[in-house]
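A.B. asks:
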Amino acid sequence: MSKFTTELAKRRTFGIVAHPDAGKTTLTEKLLLFGGAIQEAGAVKSNKVKKSTTSDFMEIERQRGISVATSVMAFEYRDLQINILDTPGHKDFAEDTYRTLTAVDSVIVVIDVAKGVEEQTEKLVEVCRMRKTPVIVFINKMDRPGKEAFDLIDEVEQILKLNARPLSWPIGMGDRFQGVYNLFEQRLVIFRPDNKQERPEEILEFTDLNDPELDKIVGTDAAEELRSEVRTINEIYPPFDKSEYLSGDLSPVFFGSAVNNFGVKEMLDCFVDIAPSPRPRHTEERLVRPEEEEFSGFVFKIHANMDPRHRDRIAFLRICSGTFERNTNYLHVRQGKKMKFSNPTSFMAAKKTVVDEAYPGDVIGLYDSGNFKIGDALTSGEILHFKGIPRFSPEQFRVVLNADPLKTKQLNKGLDQLMDEGVAQLFTRDYDQAKIIGTVGALQFDVIQYRLEHEYGALCRYEPLNLHKACWITCDDKAALEEFLQRRKRDLGHDKEGNVVYLAESAWSMKMAQENHPKVQFHFVSEQ
Ligand code: G4P
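Numbering (this note's numbering), first residue to last: 782 to 1309.
Structure, rendered in structure tokens:
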């Protein structure tokens, strides 16, 4: 096998999706500990925006700092190189998470046993489902009282609309949590939280649950309950089929407690057995397969440099095919120009290192002085446009005004670059050329104002704007499109790429526009 084939086969790139507080940071940390990428607990900082003692701005800055450091966390485990891509916790940054999900090959969803499936998880899993991304579910905090396991599986199926297949099953919960029975490996994993040893797990091979030994270990009641529940599971669910998981049609479910490091290794071992190696990516031109020799990749995230002395930014590139090499000329497809990179960076839990080579599934950071925007492709020479990087129809709007006429240039440049980073979207209203910023969450307005001032030396202020939604318009029928554009003249604008957007004032006007112009298509997600 060539080096390329070996390296490609080793890569597993995934993201962890969770509602804030479900335990994403804790789980990530435990995974890194297993991989030896960090030595102590507490090394991975939560990227939550906590509105506690510090001001929001400071929180935003803190969050940005952390998310650069933890954007990609790589570790080795059982001969594989595992790349975890971090996803922001705060809902106002959900768009970042959606984009990051375009760069992973599989996902682990963390659910809090007491809270069950929460709203944010629902939306993110919907994206995974649409893309057929394989999903593993980890039900966390089993050491706490929570919902019944069957009810949780039901939520996973009804709310997340995933076909669940429990691969482990809890014995009690909260104070009575005794461990899990691993249905895949047929063994009992006993929870020993008081165990002073490193892992609070004791593993007992247990192929026959009818063995009276079980009663001695967990007590008669718990043993009976487990037997009956496992019988039910085996009646309801067909045996686990890896190919169904890989096609995104079946999601294995595990139970554990991340903070106690219980059930984590079990899930990780299963992940290593079943998770997909880098998957092909769709482009407008063709399907790009990871094993192709020619290099290609796309930018899914851009971060401004935290160091104010360095104006450059970091563009995060997911490698889709071939080998990326340092100091080699590649084609920046959108700009039609060749570029080479002298210090492409890989991230290893806050440690940055310059990489000479990177392979499909890897994510590298490229220092950028403003050339990249989200969705950009970099290739060995072929013209490729990667599909599926979503832009969402924003729901909060403000008109942005220049508060310092002497700094117009700085303001425009700042706005331009922040939009390329995907912080928000900028529309120009046709009739008065007003600049409208549209965001998915409210926090972005503060982020923009603060960063314009601190990074670009520009001052802006906002005027409230009552808009319901901005959506993209297409229409195959020229006459129908023309009629729509004439009739809705005052509600039209253009996005930065020059696409027409309809700025609906209210839910009612949105509905009327759709009813009166049946041939016009209104798009609430636009793909870059
Ligand atoms: P997030 O990144 O998904 O937002 O969650 P994070 O890991 O920060 O965990 C949120 C809180 O839940 C943390 O407590 C963490 O210790 C706790 N936690 C995580 N896993 C478990 C578990 O298995 N059992 C229990 N009982 N708690 C768990 P915190 O008080 O917010 O923070 P900290 O002071 O403990 O760090």
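C-beta atoms are modelled at their ideal positions from N, C-alpha and C, and glycine is treated no differently.
Return the chain-ordered ranges of every beta strand (DSSP E) run that is complete within the segment 910-990 and spans a minimum of 3 residues.
C.D. replies: List check, beta strand (DSSP E) in window: 916-921, 945-947, 949-952, 960-963, 968-972, 982-986.
A.B. asks: Use the C-beta contact count for residue 1212: other C-beta atoms within 10 angstroms, 16 or more gives buried, fewer gives exposed.
C.D. replies: As a working note, residue 1212 is residue 431 in the sequence shown. Answer is exposed; the Cβ neighbour count stays below 16.
A.B. asks: Are residue 1248 and residue 1285 touching if we call contact CB-CB under 8 angstroms?
C.D. replies: Position 467 of the sequence shown, counted from the first residue, corresponds to residue 1248. Position 504 of the sequence shown, counted from the first residue, corresponds to residue 1285. Yes. Within cutoff.
A.B. asks: Under a Cβ-count criterion, where at least 16 other Cβ atoms within 10 Å of its own Cβ denotes burial, should residue 1015 be classed as buried or exposed?
C.D. replies: As a working mapping, residue 1015 is identified with position 234 in the sequence shown. Looking at its Cβ environment, which holds fewer than 16 other Cβ atoms inside 10 Å, residue 1015 is exposed.
A.B. asks: From residue 1152 to residue 1105, what distance separates their C-alpha atoms?
C.D. replies: Position 371 of the sequence shown, counted from the first residue, corresponds to residue 1152. Position 324 of the sequence shown, counted from the first residue, corresponds to residue 1105. Using only the alpha carbons, I get a separation of about 18 angstroms.
A.B. asks: Taking only the alpha-carbon atoms, compute the straight-line gap between residue 953 and residue 1197 and give it to the nearest angstrom.
C.D. replies: The residue you call residue 953 lines up with position 172 of the sequence shown. The residue you call residue 1197 lines up with position 416 of the sequence shown. C-alpha separation (whole angstroms): 54 angstroms.
A.B. asks: Quick check on residue 1062: does DSSP put it in helix, strand or coil?
C.D. replies: As a first step, residue 1062 must be located in the sequence shown, where it is residue number 281. The answer is strand: DSSP assigns residue 1062 an E or B state.
A.B. asks: Beta-carbon within less than 8 angstroms of residue 882's beta-carbon, same chain only, minus the 5 sequence neighbours each way: which residues are those?
C.D. replies: Here residue 882 is taken as the residue at index 101 of the sequence shown, counted from 1. Cβ neighbours of residue 882 beyond the five flanking positions: 796, 798, 868, 888, 905, 908, 909, 912, 914.
A.B. asks: Spatial neighbours of residue 950 within its chain, please: C-beta separation below 8 angstroms, excluding the five flanking residues on both sides.
C.D. replies: Counting from one through the sequence shown, the residue named residue 950 turns up at place 169. Counting only Cβ-Cβ distances below 8 angstroms, and skipping sequence neighbours, we find 930, 961, 962, 964, 1007, 1010, 1011, 1014, 1036.
A.B. asks: Please identify the residue among 1282, 1231, 1239, 1246 whose C-alpha is closest to the C-alpha of residue 1256.
C.D. replies: Reading the sequence shown from its first residue, position 475 is the one you call residue 1256. If we check each option's Cα against that of residue 1256, 1282 comes out closest.
A.B. asks: For a quick check, are the C-beta atoms of residue 1097 and residue 1080 less than 8 angstroms apart?
C.D. replies: Taking the first residue of the sequence shown as 1, we reach residue 1097 at position 316. Taking the first residue of the sequence shown as 1, we reach residue 1080 at position 299. Yes, the pair counts as a contact, with Cβ atoms nearer than the cut-off.
A.B. asks: Work out the CA separation of residue 926 and residue 1155 for me, nearest whole Å.
C.D. replies: On the sequence shown, position 374 is the one that residue 1155 refers to. On the sequence shown, position 145 is the one that residue 926 refers to. Distance between the alpha carbons of residue 1155 and residue 926 is about 42 angstroms.
A.B. asks: Using only the alpha-carbon positions, how far apart do residue 1025 and residue 940 sit?
C.D. replies: For the purposes of this step, residue 1025 is identified with residue 244 of the sequence shown, where counting begins at 1. For the purposes of this step, residue 940 is identified with residue 159 of the sequence shown, where counting begins at 1. Their Cα atoms are separated by approximately 20 angstroms.
A.B. asks: Output needed for residue 864: all residues of its chain with C-beta closer than 8 angstroms, excluding positions within five of it in sequence on either side, in chain order.
C.D. replies: Within the sequence shown, numbered from 1, the residue matching residue 864 stands at position 83. Within the same chain, residue 864 has close Cβ partners 792, 793, 794, 795, 853, 854, 855, 1142, 1143, 1144.
A.B. asks: Alpha carbon to alpha carbon, how far is residue 1101 from residue 968? Give it in angstroms, no decimals.
C.D. replies: Residue mapping note: residue 968 aligns to position 187 of the sequence shown, counting from 1. Residue mapping note: residue 1101 aligns to position 320 of the sequence shown, counting from 1. Cα to Cα, residue 968 sits roughly 38 angstroms from residue 1101.
A.B. asks: By Cβ distance, which residues of its chain are closer than 7 angstroms to residue 1118, with the 5 residues on each side in sequence left out?
C.D. replies: The residue labelled residue 1118 in the question sits at position 337 within the sequence shown. Around residue 1118: no qualifying Cβ.
A.B. asks: One question on the structure: do residue 1138 and residue 1075 come within less than 8 angstroms of each other, judged by their Cβ atoms?
C.D. replies: Within the sequence shown, numbered from 1, the residue matching residue 1138 stands at position 357. Within the sequence shown, numbered from 1, the residue matching residue 1075 stands at position 294. For residue 1138 and residue 1075, no; Cβs fall outside 8 angstroms.
A.B. asks: Taking residue 1125 as the reference, which of 862, 1149, 879, 783 has the closest Cα?
C.D. replies: Reading the sequence shown from its first residue, position 344 is the one you call residue 1125. With distances taken between Cα atoms, residue 1125 lies closest to 1149.
A.B. asks: Can you give me the C-alpha to C-alpha distance between residue 1027 and residue 1094, rounded to a whole angstrom?
C.D. replies: To locate residue 1027, count along the sequence shown from 1; it is residue 246. To locate residue 1094, count along the sequence shown from 1; it is residue 313. Roughly 35 angstroms between the two C-alpha positions.
A.B. asks: Starting from residue 1096, follow the alpha helix (DSSP H) in both directions and report where the run begins and ends.
C.D. replies: As a working note, residue 1096 is residue 315 in the sequence shown. From DSSP, residue 1096 is part of no alpha helix (DSSP H) but of the beta strand (DSSP E) over 1094-1102.
A.B. asks: What residue does the alpha helix (DSSP H) around residue 1261 start on, and which one ends it?
C.D. replies: Counting from one through the sequence shown, the residue named residue 1261 turns up at place 480. First-last of the alpha helix (DSSP H) with residue 1261: 1259-1268.
A.B. asks: Can you tell which of 1055, 1078, 983, 1299 has its C-alpha closest to the C-alpha of residue 1043?
C.D. replies: What you label residue 1043 is simply residue 262 of the sequence shown in a count that begins at 1. The shortest Cα separation from residue 1043 among 1055, 1078, 983, 1299 belongs to 983.
A.B. asks: Helix, strand or coil for residue 1014, going by three-state DSSP, please let me know.
C.D. replies: To locate residue 1014, count along the sequence shown from 1; it is residue 233. Looking at residue 1014 - three-state DSSP - the assignment turns out to be helix.
A.B. asks: Check whether the segment 1270-1279 touches the segment 1201-1219, taking contact to mean three or more Cβ pairs, one atom from each stretch, closer than 8 angstroms.
C.D. replies: At 8 angstroms Cβ cutoff, the stretches touch.
A.B. asks: Kindly examine the ligand G4P and report whether one of its heavy atoms sits closer than 7 angstroms to the Cβ of residue 974.
C.D. replies: Within the sequence shown, numbered from 1, the residue matching residue 974 stands at position 193. Answer for residue 974: no, Cβ out of range of the ligand G4P.
A.B. asks: Within 10 angstroms of the Cβ of residue 1071, are there 16 or more other Cβ atoms? Answer buried if so, exposed if not.
C.D. replies: Translated into the one-based positions of the sequence shown, residue 1071 becomes position 290. With 16 or more Cβ atoms within 10 Å of its Cβ, residue 1071 is classed as buried.
A.B. asks: Quick one: does residue 792 have its CB under 8 angstroms from some CB of chain B?
C.D. replies: Considering every chain present, this structure includes no chain B. It has just one protein chain.
A.B. asks: Let me make sure I understand the geometry here. Which of 1017, 1168, 1180, 924 has the alpha-carbon closest to that of residue 1068?
C.D. replies: Taking the sequence shown and counting its residues from 1, one reaches residue 1068 at position 287. Checked all of 1017, 1168, 1180, 924; the closest Cα to residue 1068 is 1168.
A.B. asks: If we call anything under 8 angstroms between Cβ atoms a contact, is residue 803 one with residue 891?
C.D. replies: On the sequence shown, residue 803 is found 22 positions in, with the first residue counted as 1. On the sequence shown, residue 891 is found 110 positions in, with the first residue counted as 1. In this structure, residue 891 lies closer than 8 angstroms to residue 803 by Cβ.
A.B. asks: Closer than 7 angstroms: is that where the CB of residue 1110 sits relative to any heavy atom of the ligand G4P?
C.D. replies: Taking the sequence shown and counting its residues from 1, the one referred to as residue 1110 is at position 329. It does not: the Cβ of residue 1110 is nowhere closer than 7 angstroms to a heavy atom of the ligand G4P.
A.B. asks: Of the choices 923, 938, 895, whose alpha-carbon is the least far from that of residue 916?
C.D. replies: For this step, residue 916 is matched to residue 135 along the sequence shown. The candidate whose alpha carbon is nearest that of residue 916 is 938.
A.B. asks: Buried or exposed: residue 1293, going by 16 or more other Cβ atoms within 10 Å of its Cβ?
C.D. replies: Sequence index remark: in the sequence shown, residue 1293 carries index 512 (1-based). With fewer than 16 Cβ atoms within 10 Å of its Cβ, residue 1293 is classed as exposed.
A.B. asks: Quick check on this structure: which residue in 1279, 1160, 1254, 886 has the alpha carbon closest to the alpha carbon of residue 1114?
C.D. replies: By 1-based counting over the sequence shown, the position of residue 1114 is 333. It is 1160.
A.B. asks: Give the secondary structure of residue 860 by DSSP, where H, G and I count as helix, E and B as strand, and everything else as coil.
C.D. replies: Here residue 860 corresponds to residue number 79 of the sequence shown, with the count starting at 1. If DSSP states are grouped into helix, strand and coil, residue 860 belongs with coil.
A.B. asks: Can you tell which of 805, 896, 1205, 1278 has its C-alpha closest to the C-alpha of residue 1180?
C.D. replies: As a working mapping, residue 1180 is identified with position 399 in the sequence shown. With distances taken between Cα atoms, residue 1180 lies closest to 1205.
A.B. asks: Can you pull the DSSP bridge partners for residue 1127?
C.D. replies: Here the question's residue 1127 lines up with position 346 in the sequence shown. DSSP, once it has assigned bridges, lists 1134 as partnering residue 1127.
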